[in-house]
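Engineer:
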Amino acid sequence: MPSLNPSREQLAAFTEGMPADTPILMLNLLRYRELAEYPVDSQCQPCSGREAYRRYSRTALAKVQGVGGQVELLAAAQVALIAPQGEQWDELLLVRYPSKEAFLGMLADPEYRAATLHRTAALADSRLIGCLPPA
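In this text, residue positions in the sequence shown follow our numbering: the first is 236, and each later residue adds one.
1) Taking only three categories from DSSP, how would you classify Arg-362?
2) Just to confirm the assignment, what range does the alpha helix (DSSP H) spanning Leu-339 have?
3) Assuming Tyr-273 is part of the alpha helix (DSSP H), what are its boundary residues?
4) Where Asn-375 and Met-341 are concerned, what is the direct C-alpha to C-alpha distance, given to the nearest angstrom?
5) Looking at the strands, I want to know which residues DSSP matches up with Val-306.
6) Which class does Leu-352 belong to by DSSP, given the choice of helix, strand or coil?
7) Starting from Ala-295 and walking both ways along the alpha helix (DSSP H), at which residues does that stretch end?
8) Only counting the same chain, and skipping five residues up and downstream in sequence, which positions put a Cβ closer than 8 Å to that of Tyr-347?
9) Give me the Cβ distance between Leu-329 and Leu-363, rounded to the nearest whole Å; I'm assuming they're in contact under 8 Å.
10) For the alpha helix (DSSP H) that contains Leu-246, what are its first and last residues?
11) Looking only at DSSP bridge pairs, what is Asn-263 linked to?
12) Where does Ala-311 fall in DSSP's three states?
13) With a cut-off of 8 Å, do at least 3 Cβ pairs link the region 310-324 to the region 278-287?
Shown next as structure tokens:
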């Protein structure tokens, strides 16, 4: 079952489980669709999943920086050594935020929320894992 957007329950667990007022890292595992899948009523031009993610990233990166965050690492995934049979990822992205509050504030931003249309269209599957940086 693909995981593309957090549920209310997942957001609540993240909010409760991550410490307040401390830097966090968000690990993103991304698998792109060959062709982006926009809603039927969308005005978006057809494109690849990677192009749709680039459309999302133009807004997302500005919003990450706007809350004091930064991209730490973007890497092409190659081969899963320890993973369920058939699991594969195209890229991993590691983003640092000054706090979970900054991250949640970005998620609530109307421009960011509008841009997630492209993210959802782009991805066949994803993971978003909250982490704490080394002390």
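All C-beta atoms, glycine included, are put in the ideal place defined by N, C-alpha and C.
Only a predicted model underlies this, so the values are computations on that prediction, with no experimental measurement involved.
Structural biologist: Reading from the atomic positions:
1) The residue labelled residue 362 in the question sits at position 127 within the sequence shown. It is a strand residue.
2) Position 104 of the sequence shown holds residue 339. Element bounds for Leu-339: 335-343.
3) The residue labelled residue 273 in the question sits at position 38 within the sequence shown. Note, Tyr-273: premise wrong, no alpha helix (DSSP H); not H, not E.
4) Outside the displayed span of the chain (236 to 370) sits residue 375, for which this structure offers no information.
5) Against the sequence shown, residue 306 aligns to sequence position 71. According to DSSP, Val-306 bridges with Val-330.
6) Numbered from its first residue, the sequence shown carries residue 352 at position 117. Helix, per DSSP.
7) Taking the sequence shown and counting its residues from 1, the one referred to as residue 295 is at position 60. Start and end: 284-301.
8) Within the sequence shown, numbered from 1, the residue matching residue 347 stands at position 112. If we look at Tyr-347 and ignore the five residues flanking it on each side, its Cβ neighbours are Thr-294, Ala-295, Lys-298, Met-341.
9) Looking up residue 329 in the sequence shown gives position 94. Looking up residue 363 in the sequence shown gives position 128. Their Cβ separation, rounded to whole angstroms, is 11 Å, which puts Leu-329 and Leu-363 out of contact at 8 Å.
10) What you label residue 246 is simply residue 11 of the sequence shown in a count that begins at 1. If you look at Leu-246, you'll find it in the alpha helix (DSSP H) that goes 243-252.
11) Stepping through the sequence shown from its first residue, residue 263 is reached at position 28. Here Asn-263 is bridged, per DSSP, to Leu-328, Leu-363.
12) Taking the first residue of the sequence shown as position 1, residue 311 is located at position 76. Strand, per DSSP.
13) no
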